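**Q** For the record, the sequence lines run as chains A and B. Residue numbering for the first sequence follows the numbering used here, starting at 1 and increasing by one per position. Residue numbering for the second sequence follows the numbering used here, starting at 1001 and increasing by one per position.
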Amino acid sequence: MTLRDFVDEVASDSRTLTVYAPEPDEALERHFEARQVAVEHEPIPDDGSGGFVVVTAQGEFVGSLGATAVRELILPSVDEWELGPNESIRVPMNLLADTTFVSFDARQLLVATREIEDRAYRRGRGTLRAGFQSLARLSTQCGKYETLSGETELDVHVYGRPDADPDLPRATIHGDDAEEIASHWFVVFDGGGDDRQACALLAEEVADDPRSFRGFWTYDPGTVADVDGYLRETYGSERAGKR
Amino acid sequence: MTMGADRPDDGSETVGELFDVLSRPERRLLLYYLRDREAVPVEELTTVVAGWLRARRDPAEAVTPAERERVLAALHHVHLPRLEAAGLVRRDRESGEVALAEPSQLFEDILTQALAQERGAAERTTGEASDRTDPENP
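#1: Verify the CB distance criterion: does P1041/B have a CB-CB separation below 8 Å to chain A?
#2: Check the DSSP bridge columns for D208/A and list the partner residues they point to.
#3: Cβ closer than 9 Å: which chain B residues qualify as neighbours of T68/A?
#4: Which residues in chain A sit within 7 Å of G1051/B, going by Cβ to Cβ distance?
#5: Please check if any C-beta of chain A sits within less than 8 Å of the C-beta of D1068/B.
#6: Where do the N-terminal and C-terminal ends of the alpha helix (DSSP H) with T234/A fall, by residue?
#7: Just checking: is the beta-carbon of R1119/B within a distance shorter than 8 Å of some beta-carbon in chain A?
#8: Within the 8 Å Cβ cut-off, does P1065/B reach chain A?
#9: In whole angstroms, what is the alpha-carbon distance linking A11/A and Q1117/B?
#10: Suppose you measure from the CA of T227/A to the CA of L148/A; what does that come to, to the nearest Å?
#11: In terms of DSSP beta bridges, what is E1097/B paired with?
#12: Between which two residues does the alpha helix (DSSP H) holding L1035/B run?
#13: Using 8 Å as the threshold, is the C-beta distance between H1079/B and R1035/B below it?
#14: When burial is assigned at 16 or more other CB atoms within 10 Å of the CB, is S1095/B buried or exposed?
#15: S64/A by DSSP, collapsed to three states: which one?
#16: Return the chain-ordered list of same chain residues with a C-beta closer than 6 Å to the C-beta of T254/A, the five sequence neighbours on each side being excluded.
#17: So what's A1066/B in DSSP terms, helix, strand or just coil?
#18: Short of 8 Å in beta carbon distance, which residues of its chain neighbour E1026/B, apart from the five on each side in sequence? Order them along the chain.
#19: List the residues that DSSP assigns as beta-bridge partners of D105/A.
#20: Based on DSSP bridge pairs, tell me the residues matched to L128/A.
#21: Specify the secondary structure class of Q133/A as computed by DSSP and reduced to three states.
#22: Beta-carbon of G84/A versus every beta-carbon of chain B: anything under 8 Å?
Shown next as structure tokens:
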């Protein structure tokens, strides 16, 4: 297993959305098809409700949500990556994007990263693992990671190519020369005892000008645990050094 | 298709029964869905009834697989038998498919009117951003 294997597995997970509504919804279709989610349409008569969206995975019912709620999720400026939790929508991302395969640009990656860091901070405990490809890049985030490791009970682990020595006395630094550490960006929070708070972002850099990434973000506790466990076991040693 | 073939029917009973049967939103939604289709597998009908009912009440709250299972049980034990007894649907026990029985004109008219009524009520409440009116209990 490698970090890339995690990404490939998610990429191959087929999920279908069936939109039950009087008319098909093009914006919805475009949004999800860009995320490897097939979208179908079944007409229902217009009862004024706007219809609903059913998610299936390998033919099994995963959940359904009102179409108006789904639209609210995806429509507000699509380039602002809204991860949720959007307080007005309950169980939205877990349903629509439990584990979503995406292409990110650097800005979207940062928005997603922030969301997970905020979540970990609010929870205040558990394990947070962050890899920004190089430890030098982490130095620009030092204030935040000082806060995360110093002001909470979070067990913070940071990973990257050993090209710097960030000053984070209360975090565990994992400098490693592994190719996948240099090429993958990840933030993983185990939920601190609450599965509903578990979330992870894992992406591989696939181009550098402009930087772009392929990967996924997930709220599925099993997937989060798998990635968390992989990082813990593979890169367990501390400070700049080999596995 | 007769409704309780052995019962004398002076017309008012038919109307009464129809209104009684249609009083439940699950049944109306099921009938709206079946109206435009041939036979529909009960699993699909369940997904539709569960998803549609919740979307009408609270679009922001997702239906879980467990909740869908409860809808399946309710359809199987309560609503489909009731609709069958009223002569509105027929179920194929082997294939698990459900279809509308030949609908009377009365039935068609009522269903169309009910749908228009619900659509109108929903449109009137769309303007109210916060309070969500329950179309089942105006």
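Where is the CB? At the ideal position from N, CA and C, for every residue including glycine. Just so you know, these numbers come straight off a predicted model, no measurement behind them.
**A** According to the data block:
#1: Contact with chain A is absent for P1041/B, since none of that chain's Cβ atoms lies less than 8 Å from the residue's Cβ.
#2: Note: D208/A is bridge-paired with R211/A in the DSSP secondary-structure output.
#3: Residues of chain B with a Cβ closer than 9 Å to the Cβ of T68/A are, in chain order, A1055, P1059, A1060.
#4: The contacting residues are Y20, F52, V54, S64.
#5: Looking at the sequence itself, residue 1068/B is Arg, so the reference to Asp does not match. At least one CB of chain A lies nearer than 8 Å to the CB of R1068/B.
#6: Note, T234/A: alpha helix (DSSP H), 221-234.
#7: Yes, its Cβ sits closer than 8 Å to a Cβ of chain A.
#8: Any Cβ of chain A closer than 8 Å to the Cβ of P1065/B would place that residue at the interface, and such an atom is present.
#9: Between A11/A and Q1117/B, the C-alpha separation is close to 45 Å.
#10: With the sequence shown as reference, residue 227/A is identified as Val, and Thr is not the correct amino acid for it. Roughly 20 Å between the two C-alpha positions.
#11: In the DSSP output, where bridge partners are listed per residue, E1097/B has P1041/B, D1092/B.
#12: In the sequence under discussion, the amino acid at residue 1035/B is Arg, which differs from the Leu named in the question. Going by DSSP, R1035/B is part of the alpha helix (DSSP H) stretching over 1025-1035.
#13: The Cβ-Cβ distance between H1079/B and R1035/B does not fall below 8 Å.
#14: With fewer than 16 neighbouring CB atoms inside 10 Å of its own CB, S1095/B falls in the exposed class.
#15: Here DSSP, grouped into helix, strand and coil, assigns S64/A to strand.
#16: Past the boundaries of the shown model lies residue 254/A; chain A is included only from 1 to 243, so the question cannot be answered.
#17: In the structure shown, A1066/B falls within a helical segment according to DSSP collapsed to helix, strand and coil.
#18: Cβ contact annotation for E1026/B (same chain, cutoff 8 Å, sequence separation greater than five): V1049, L1053, V1071, A1074, L1075, H1079, in chain order.
#19: Under DSSP, D105/A takes part in a beta bridge, and its partners are S212/A.
#20: Beta-bridge pairing links L128/A to V156/A, F189/A.
#21: In this structure, Q133/A counts as strand in the three-state DSSP scheme.
#22: Note on G84/A: pLDDT 43, under 50, position unreliable in the model; no value is reported.
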